[in-house]
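K.L.:
Numbering (our numbering), first residue to last: 1 to 238.
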Ligand SMILES: [Zn+2]
């Protein structure tokens with residue numbers, strides 16, 4: 001057993017965290033509940049983030065909505081770019097990330113940003129079949145990692161999505177902050193909260209979940225005066 005597996009087993013035994021809705025077989029992978037110790041540790045980590053980053057850097061912390069309309073993610077580019085190229089086995093219906101499968105089988109560099117046609121051609125060229133049953137793999141298609149949810153009733157329903165990261169409301173609310181909080185640049189906005197990504201294969205317990213907690217900050221500054229931002233030197237070649 002690896003160190004990682006030992007830690008996960010210990011966490012499960014002591015109830016730090018465990019699969020959500022675990023008594024139902026239909027519960028999807030990638031969701032975890034935190035037990036009392038896990039919840040306390042998580043709270044402590046957030047407290048340290050708040051003290052050491054948000055408060056020390058005098059950032060404004062907000063608490064934005066998780067569900068946002070399609071227009072937000074169309075503007076941010078998430079609908080177009082937060083996609084993984086996937087291929088599905090015609091036999092056992094196993095799903096693979098096409099770029100990763102190609103890289104693994106050929107040792108060549110395949111990127112997720114490559115077109116579906118290029119990746120499909122790669123699968124055919126190297127005669128790659130399903131790792132589990134040797135079945136034929138489908139043409140590559142793009143899978144959106146966004147979790148969609150309709151909000152509203154009947155014909156009035158609006159297409160919404162659960163945020164895939166916490167930055168959106170930091171950007172959307174900035175204009176309001178400049179009015180209500182008398183923001184002077186540079187200024188950081190921060191928030192902590194749940195985000196959602198419809199991962200093809202949620203794994204490594206808390207490291208790749210569908211629903212996860214994020215702590216995020218965005219620093220707003222005047223690009224003409226970036227050199228006046230204290231600490232910019234520390235990160236400019238990062
Ligand atoms: Zn298969």
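By construction, the Cβ of each residue, glycine as well, lies at the ideal position given by its N, Cα and C atoms.
Are the Cβ atoms of residue 59 and residue 217 separated by less than 9 angstroms?
P.N.:
By one-based count along the chain shown, residue 59 stands at place 59. By one-based count along the chain shown, residue 217 stands at place 217. Yes, the Cβ-Cβ distance between residue 59 and residue 217 is below 9 angstroms.
K.L.:
Helix, strand or coil: how does DSSP classify residue 173 here?
P.N.:
Taking the chain shown and counting its residues from 1, one reaches residue 173 at position 173. In the structure shown, residue 173 sits in coil (DSSP, three-state: anything other than H, G, I, E or B).
K.L.:
For residue 117, report the span of its alpha helix (DSSP H) as first-last.
P.N.:
Here residue 117 refers to the residue found at position 117 of the chain shown. Per DSSP, residue 117 belongs to the alpha helix (DSSP H) from 116-125.
K.L.:
At which residue ranges does the stretch 34-88 contain complete alpha helix (DSSP H) runs of 4 or more residues, listed in the order of the chain?
P.N.:
36-49, 70-76, 78-81, all fully within the stretch 34-88.
K.L.:
Residue 132: beta carbon under 8 angstroms from a heavy atom of ligand 1?
P.N.:
Position 132 of the chain shown holds residue 132. Yes, the beta carbon of residue 132 sits closer than 8 angstroms to at least one heavy atom of ligand 1.
K.L.:
For the beta strand (DSSP E) containing residue 190, list its first residue and its last residue.
P.N.:
Residue numbering aside, residue 190 sits at position 190 when the chain shown is read from its first letter. Here the beta strand (DSSP E) through residue 190 covers 187-196.
K.L.:
For residue 178, name the three-state secondary structure that DSSP assigns.
P.N.:
Stepping through the chain shown from its first residue, residue 178 is reached at position 178. The answer is helix: DSSP assigns residue 178 an H, G or I state.
K.L.:
Comparing the CB of residue 94 with every heavy atom of ligand 1, is any distance shorter than 8 angstroms?
P.N.:
Sequence index remark: in the chain shown, residue 94 carries index 94 (1-based). Yes, Cβ of residue 94 sits closer than 8 angstroms to a heavy atom of ligand 1.
K.L.:
Just to confirm, are residue 30 and residue 208 a CB contact at a threshold of 9 angstroms?
P.N.:
Working through the chain shown from its first residue, we reach residue 30 at position 30. Working through the chain shown from its first residue, we reach residue 208 at position 208. Contact: yes.
K.L.:
Does the Cβ of residue 226 have 16 or more other Cβ atoms within 10 Å, making it buried, or fewer, making it exposed?
P.N.:
For the purposes of this step, residue 226 is identified with residue 226 of the chain shown, where counting begins at 1. Exposed, because fewer than 16 other Cβ atoms sit within 10 Å of the Cβ of residue 226.
K.L.:
Taking 8 angstroms as the cut-off, is the CB of residue 167 close to at least one heavy atom of ligand 1?
P.N.:
Position 167 of the chain shown holds residue 167. Because no heavy atom of ligand 1 lies under 8 angstroms away, the Cβ of residue 167 does not count as near it: no.
K.L.:
Just to confirm, is the Cβ distance from residue 37 to residue 53 under 9 angstroms?
P.N.:
By 1-based counting over the chain shown, the position of residue 37 is 37. By 1-based counting over the chain shown, the position of residue 53 is 53. Not closer than 9 angstroms, so no.
K.L.:
Starting from residue 110 and walking both ways along the alpha helix (DSSP H), at which residues does that stretch end?
P.N.:
As a position in the chain shown, residue 110 is number 110, starting the count at 1. Careful: residue 110 lies outside any alpha helix (DSSP H) and carries neither H nor E.
K.L.:
What I want to know is whether the C-beta of residue 38 ends up closer than 8 angstroms to one or more non-hydrogen atoms of ligand 1.
P.N.:
Mapped onto the chain shown, residue 38 falls at position 38. It does not: the Cβ of residue 38 is nowhere closer than 8 angstroms to a heavy atom of ligand 1.
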